[in-house]
Amino acid sequence: MFGALELGLIYGAMALGVYLTFKVLNFPDLTVDGSFTTGGATAASLIIAGVNPFLATAAAIGAGLVAGYITGLLHTKGGIDGLLAGILTMIGLWSINLRIMGKANLPLLREDTVFTPLRENMWLGSWISIAILLIFALILKFAIDWFLTTDLGLAIQATGNNREMIRSLGVNTDNTTMLTLALSNGFVALCGALIAQYQGFSDISMGIGLILVGLASVILGQAVFGSRNIFVASLGALLGSVIYRLIIFLALRAGLDTNDMKLTTALLVVIALLLPRWGFLKRIPSLKGRGNRAPASVPAGTTDMKGPAEIADVSTTSGAGAGKEG
Amino acid sequence: MLTIDNVSKTFFPGTVNERKALQGLELRLEESDFVTVIGSNGAGKSTLLNTISGRLPIDSGSITIDGAEVSRMPEYKRAKYLGRVFQDPMAGTARDLTIEQNLSLALRRGQARGLGRGTTSARREHFTDELATLELGLENRLKTKVGLLSGGQRQALSLLMAGFTQPRILLLDEHTAALDPQRAALVTTLTKKIVEADGLTTLMVTHNMEQAIALGNRLIMMHEGRIIYQATAEEKKDLTVETLLGEFSKLKGASLGDRALLN
Chain A
1 MFGALELGLI
11 YGAMALGVYL
21 TFKVLNFPDL
31 TVDGSFTTGG
41 ATAASLIIAG
51 VNPFLATAAA
61 IGAGLVAGYI
71 TGLLHTKGGI
81 DGLLAGILTM
91 IGLWSINLRI
101 MGKANLPLLR
111 EDTVFTPLRE
121 NMWLGSWISI
131 AILLIFALIL
141 KFAIDWFLTT
151 DLGLAIQATG
161 NNREMIRSLG
171 VNTDNTTMLT
181 LALSNGFVAL
191 CGALIAQYQG
201 FSDISMGIGL
211 ILVGLASVIL
221 GQAVFGSRNI
231 FVASLGALLG
241 SVIYRLIIFL
251 ALRAGLDTND
261 MKLTTALLVV
271 IALLLPRWGF
281 LKRIPSLKGR
291 GNRAPASVPA
301 GTTDMKGPAE
311 IADVSTTSGA
321 GAGKEG
Chain B
327 MLTIDNVSKT
337 FFPGTVNERK
347 ALQGLELRLE
357 ESDFVTVIGS
367 NGAGKSTLLN
377 TISGRLPIDS
387 GSITIDGAEV
397 SRMPEYKRAK
407 YLGRVFQDPM
417 AGTARDLTIE
427 QNLSLALRRG
437 QARGLGRGTT
447 SARREHFTDE
457 LATLELGLEN
467 RLKTKVGLLS
477 GGQRQALSLL
487 MAGFTQPRIL
497 LLDEHTAALD
507 PQRAALVTTL
517 TKKIVEADGL
527 TTLMVTHNME
537 QAIALGNRLI
547 MMHEGRIIYQ
557 ATAEEKKDLT
567 VETLLGEFSK
577 LKGASLGDRA
587 LLN
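These protein sequences, in sequence, are chains A and B.
Residue 106 in the working numbering sits at position 106 of the first sequence, with consecutive numbering throughout.
Count along the second sequence starting at 1, add 326, and that's the number in the working numbering.
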């Protein structure tokens with residue numbers, strides 16, 4: 001249980017990164033599977049080489065920034081479809097990650113990591129480590145909230161919303177796209193670096209399927225908290241990650257084994273996307289109106305991650321109206 | 327001010343679908359000119375605006391604004407000269423952002439965007455004053471998401487966003503065409519108000535002949551990528567819809583759009 005909470009908060013960094021691309025930029029970025037491992041690999045090899053774990057983690061973020069930037073270059077300057085650009089970078093990173101690590105698995109036994117102070121004080125698996133990780137995750141969340149409300153951040157939001165419009169106001173949308181992809185993958189690589197240190201090893205396959213985990217977090221968070229504004233939406237992504245880990249924890253408790261987790265994750269995403277459309281949640285006032293609106297606005301497919309957001313928006317307003325009447 | 331010199335643009339050259347949208351077009355706008363542009367469907371009106379804004383590259387010719395050659399500049403760089411309102415009321419604003427955030431975006435048109443706060447209280451005050459001029463009550467809804475506004479409200483906001491930073495040239499592309507008559511009339515009134523308040527140099531495409539006559543100090547009629555009729559400030563004062571229809575009927579093969587006929 002404590003472990004699930006800790007993992008959820010650490011993976012919150014990745015959920016925030018995925019939130020930036022999928023929700024804010026409206027860009028389905030599959031680089032994540034690769035850049036997560038890049039983060040873990042970079043941090044692990046540097047730590048083994050004797051670098052301070054905090055510096056190693058910072059270097060991992062840098063590697064993630066570069067990975068995201070490359071996807072951005074392929075998409076904007078190369079004109080390659082966003083999904084494909086992400087897949088290309090992700091596949092290419094596999095070899096790079098192996099080069100960084102030198103072999104498929106790097107154990108961090110007896111190395112100093114950023115979690116060593118927690119471990120030595122026996123804080124891991126207690127409320128103390130959860131509090132520390134929560135503060136860390138909230139700092140990241142507030143950093144994103146702040147960034148998205150600056151002039152530059154608003155331009156990024158507008159890029160995801162209405163590219164033509166923001167270009168007509170003098171923003172080079174290629175640059176905002178590349179910047180967002182870089183930042184997003186920086187968050188993802190940071191998460192990879194922390195996970196490698198938390199679990200005590202970096203593995204070449206540690207990133208496989210992670211984009212789905214990120215998506216699950218973002219979508220779950222949105223289903224629960226809505227997306228009225230940036231503040232709520234980023235909080236939703238962060239806590240969605242925790243909810244996701246708790247569900248996985250419960251699924252494992254219920255007798256499923258770790259090999260079933262990919263399927264569990266996929267089903268979770270499907271359910272989170274479909275439930276609102278089927279209108280099972282109509283009885284709950286704040287979720288009213290979802291079923292009516294959904295079929296038109298949620299065509300299936302990864303590129304349409306805006307769908308649930310719109311539904312959530314509609315539901316919050318109609319819910320508020322219903323509340324007043326009652 | 328704005329000089330369009332011998333500009334040509336052909337779509338799908340060398341194919342059966344080849345269409346000459348602009349053919350050696352010449353146009354000169356002086357400071358504070360308000361030129362309305364009419365013409366049949368496919369006459370090249372929107373193409374003209376899109377080549378000025380940089381959305382479409384031109385094949386040959388030159389476009390200068392304040393003496394600066396802009397025809398090779400990317401769209402986002404030309405934005406520092408231009409305010410634009412599109413036909414689609416959804417096109418000029420960002421749906422998921424609030425009214426004040428949209429205005430903040432417009433406030434920085436053509437300038438570098440950094441890490442300063444997007445909506446400061448000083449800006450908010452400024453926005454409240456500007457929005458009040460629309461008389462739509464939007465000044466009390468600064469934190470409302472633009473997606474919740476009606477088409478007319480969004481278009482009025484787009485117009486304000488395009489005009490309140492005093493662009494060198496304001497480009498209006500049939501910006502009232504997608505609205506119902508009442509809203510269209512409102513936006514037309516606002517257009518007049520905003521343009522006159524700052525003496526903005528304006529180029530407005532419209533299908534509505536009455537609107538084309540009522541607004542602005544000059545009028546041009548386009549056909550097949552050329553300007554075929556011009557009314558100067560003097561001539562425009564006495565211009566009637568009948569005169570314009572007469573000019574149209576002189577053209578062989580020109581067909582008036584349904585919308586033009588209805589008006």
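Ideal Cβ positions, reconstructed from N, Cα and C, are used throughout, including at glycine.
As the structure is a computational prediction, the values presented were derived from the model and not from experiment.
Buried or exposed by the 16-neighbour rule on C-beta atoms within 10 Å, applied to residue i
i: residue 563 of chain B; result: exposed
i: residue 410 of chain B; result: buried
i: residue 404 of chain B; result: buried
i: residue 419 of chain B; result: buried
i: residue 151 of chain A; result: buried
i: residue 107 of chain A; result: exposed
i: residue 52 of chain A; result: exposed
i: residue 307 of chain A; result: Residue placement at residue 307 of chain A cannot be trusted, given a pLDDT of 39 that sits under 50; what the coordinates show is reported in the next sentence. With 16 or more other Cβ atoms within 10 Å, it is buried.
i: residue 532 of chain B; result: buried
i: residue 78 of chain A; result: exposed
i: residue 471 of chain B; result: buried
i: residue 424 of chain B; result: buried
i: residue 274 of chain A; result: exposed
i: residue 57 of chain A; result: buried
i: residue 294 of chain A; result: Unreliable placement is indicated for residue 294 of chain A, whose pLDDT of 38 sits below 50; no coordinate value is reported for it.
i: residue 276 of chain A; result: buried
Residue nearest to residue i in terms of C-alpha spacing, selected from the options
i: residue 327 of chain B; options: B:333, B:436, B:343, B:357; result: B:357
i: residue 542 of chain B; options: B:498, B:469, B:421, B:512; result: B:498
i: residue 414 of chain B; options: B:468, B:500, B:517, B:402; result: B:500
i: residue 3 of chain A; options: A:209, A:278, A:245; result: A:245
i: residue 443 of chain B; options: A:108, A:146, A:95; result: A:146
i: residue 345 of chain B; options: B:397, B:329, B:369; result: B:369
i: residue 441 of chain B; options: A:156, A:261, A:44; result: A:156
i: residue 385 of chain B; options: B:421, B:432, B:331; result: B:331
i: residue 66 of chain A; options: A:81, A:138, A:184, A:212; result: A:184
i: residue 604 of chain B; options: B:376, B:486, B:544, B:495; result: Lying before the first or after the last residue shown, residue 604 of chain B is absent from chain B, which here runs from 327 to 589.
i: residue 360 of chain B; options: B:577, B:434, B:458, B:559; result: B:559
i: residue 390 of chain B; options: B:478, B:539, B:439, B:333; result: B:333
i: residue 170 of chain A; options: B:417, B:376, B:341, B:407; result: B:407
i: residue 448 of chain B; options: B:515, B:574, B:433, B:401; result: B:433
i: residue 73 of chain A; options: A:36, A:177, A:243; result: A:177
i: residue 69 of chain A; options: A:264, A:30, A:270; result: A:30
i: residue 202 of chain A; options: A:127, A:47, A:84; result: A:47
Proximal residues to residue i (C-beta, below 6 Å), its chain only, five neighbours per side dropped
i: residue 490 of chain B; result: 456
i: residue 18 of chain A; result: 214, 218
i: residue 302 of chain A; result: Confidence at residue 302 of chain A is low in this model, with a pLDDT of 38, below 50, so the placement of that residue should be treated as unreliable; the coordinate-derived value is given next. These residues qualify, in order along the chain: 28.
i: residue 63 of chain A; result: 38, 42, 189
i: residue 230 of chain A; result: 145, 148
i: residue 200 of chain A; result: 108
CB-CB length for residue i against residue j, believed under 8 Å
i: residue 15 of chain A; j: residue 237 of chain A; result: 4 Å
i: residue 445 of chain B; j: residue 426 of chain B; result: 5 Å
i: residue 351 of chain B; j: residue 552 of chain B; result: 7 Å
i: residue 348 of chain B; j: residue 375 of chain B; result: With 8 Å as the limit, residue 348 of chain B and residue 375 of chain B do not qualify as a contact, their Cβ atoms being about 11 Å apart.
Contact set between residue i and chain B, taken where Cβ atoms lie within less than 7 Å
i: residue 102 of chain A; result: The contacting residues do not exist; residue 102 of chain A stays about 39 Å from chain B at best.
Proximal residues of chain A, C-beta to C-beta of residue i below 9 Å
i: residue 436 of chain B; result: 169, 170
i: residue 441 of chain B; result: 146, 147, 150, 151, 152, 153
Same chain, Cβ closer than 7 Å to residue i, neighbours up to 5 away in sequence not counted
i: residue 453 of chain B; result: 426, 429, 468
i: residue 235 of chain A; result: 141, 225
i: residue 173 of chain A; result: 159, 163, 166, 167
Contact set between residue i and chain B, taken where Cβ atoms lie within less than 8 Å
i: residue 157 of chain A; result: 420, 422, 423, 427
i: residue 166 of chain A; result: 420, 431
i: residue 161 of chain A; result: 420, 421, 422, 423
Listed by chain order, chain A residues near residue i by CB distance under 8 Å
i: residue 406 of chain B; result: 170
i: residue 432 of chain B; result: 169
i: residue 595 of chain B; result: Only positions 327 to 589 of chain B appear in this structure, which leaves residue 595 of chain B out of reach.
i: residue 401 of chain B; result: 167, 168
i: residue 444 of chain B; result: 149, 150, 151, 153, 154
i: residue 372 of chain B; result: Within chain A, no residue comes near residue 372 of chain B; the closest Cβ sits about 14 Å away, beyond 8 Å.
Under 9 Å by beta carbon: chain B residues contacting residue i
i: residue 52 of chain A; result: Here the premise fails: no neighbours, minimum Cβ distance about 28 Å.
Neighbourhood of residue i by C-beta distance below 8 Å, restricted to the same chain and skipping five residues each side
i: residue 450 of chain B; result: 426, 468
i: residue 473 of chain B; result: 421, 422
i: residue 20 of chain A; result: 144, 180, 183, 184, 187
i: residue 573 of chain B; result: 547, 554, 555
Proximal residues of chain A, C-beta to C-beta of residue i below 7 Å
i: residue 494 of chain B; result: Neighbours of residue 494 of chain B on chain A: none; closest Cβ ~13 Å, over 7 Å.
i: residue 410 of chain B; result: 168
8 Å Cβ cutoff, residue i in contact with chain E
i: residue 379 of chain B; result: Within the model displayed, chain E is absent; protein chains A and B are what it includes.
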